[in-house]
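For the sequence shown, the UniProt record's numbering gives the first residue as 1, with consecutive numbering after it.
Yeah, the Cβ is synthetic: ideal placement off N, Cα and C, and Gly gets one too.
Model, not experiment: these values are computed from the prediction.
Read through the structure below, which is laid out as structure tokens, and then see the notes.
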Amino acid sequence: MANHSERPTLDLAAGRAVLSEDLPKALEYLGVSSEAELGWRKTNNRTLIVPIRGQINGHVEEYTLRLQFLTGRDWPPSAQFVNPITLQYSFPDDVPHLPILQSPEVHVHPQYQSASETLQLICCSATFEYYSVLHGGDNNILWQSKDTFLTTIAAIERAMNSFHTGRQPRHGG
């Protein structure tokens, strides 16, 4: 189980196994036979691309979420909003590909400075980055080993449904 005082360690083989085991279960749970039916796609054996939508003033905005499975079940997948063409995130060029999202459960930071690194942070206890920056918080929100990447997607979708206020503005950077 994740905790607030320890950074996750990389275990790419375990990450591959988690995606390989959990993707078929997720598809069955969602009642589909392939990730393509959901608009999802695997770009390699550790990465899943997921479309995420938000609405503002009746207009639907499309975003691209990249989940990377970098470790075993004790930690959530890495999650970043990315450029839909490159499937990467580069500050400041790709900032407009991020939603403005500030909910009690999820905040999106285009350039978060932690003690050890600068990164895009989807601040949510269902993301790898939340723990890698030693975020801290209430223990009742910690990632549990029984959680899956659907927990991550669901948290972000809940926030997008109620707290999405548009796209991040372009930075001068």
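Residue closest to residue i, alpha-carbon to alpha-carbon, out of the options
{"i": "I49", "options": "H59, L38, I56, C123", "result": "L38"}
{"i": "N83", "options": "P76, Q102, Y63, F69", "result": "Y63"}
{"i": "N44", "options": "R66, K146, R53", "result": "R66"}
{"i": "F163", "options": "Q55, E21, T71", "result": "Q55"}
{"i": "P92", "options": "E129, H171, L30, K25", "result": "H171"}
{"i": "T165", "options": "N57, G136, H135, V18", "result": "N57"}
Cβ distance (whole Å) where residue i is taken to contact residue j below 8 Å
{"i": "L142", "j": "S125", "result": "6 Å"}
{"i": "L70", "j": "L12", "result": "7 Å"}
{"i": "S132", "j": "D74", "result": "Wrong, their Cβ atoms sit about 13 Å apart, outside the cutoff."}
Nearest-angstrom Cα separation, counted from residue j out to residue i
{"i": "T151", "j": "V60", "result": "23 Å"}
{"i": "P96", "j": "F81", "result": "10 Å"}
{"i": "R167", "j": "L87", "result": "17 Å"}
{"i": "K42", "j": "V32", "result": "16 Å"}
{"i": "P169", "j": "Q111", "result": "13 Å"}
{"i": "residue 182", "j": "N139", "result": "Residue 182 falls outside the range modelled here, since the chain spans only 1 to 173, and no answer is possible."}
{"i": "S116", "j": "R7", "result": "11 Å"}
{"i": "S20", "j": "Q113", "result": "32 Å"}
{"i": "G173", "j": "Y29", "result": "Its pLDDT being 48, under 50, G173 is placed unreliably in this model, and the value from its coordinates should be taken loosely. Approximately 43 Å between the Cα atoms of the pair."}
{"i": "A36", "j": "L27", "result": "10 Å"}
Pair within 8 Å by beta-carbon distance, residue i and residue j
{"i": "A79", "j": "I122", "result": "yes"}
{"i": "R53", "j": "G15", "result": "no"}
{"i": "Q68", "j": "P76", "result": "no"}
{"i": "D22", "j": "T148", "result": "yes"}
Proximity test, residue i beta-carbon vs the ligand GDP heavy atom, cut-off 7 Å
{"i": "T148", "result": "No copy of the ligand GDP occurs in the structure displayed, which carries no ligand at all."}
ask   = Counting pairs of beta carbons, one from the region 102-109 and one from the region 148-159, are three or more of them closer than 8 Å?
value = yes
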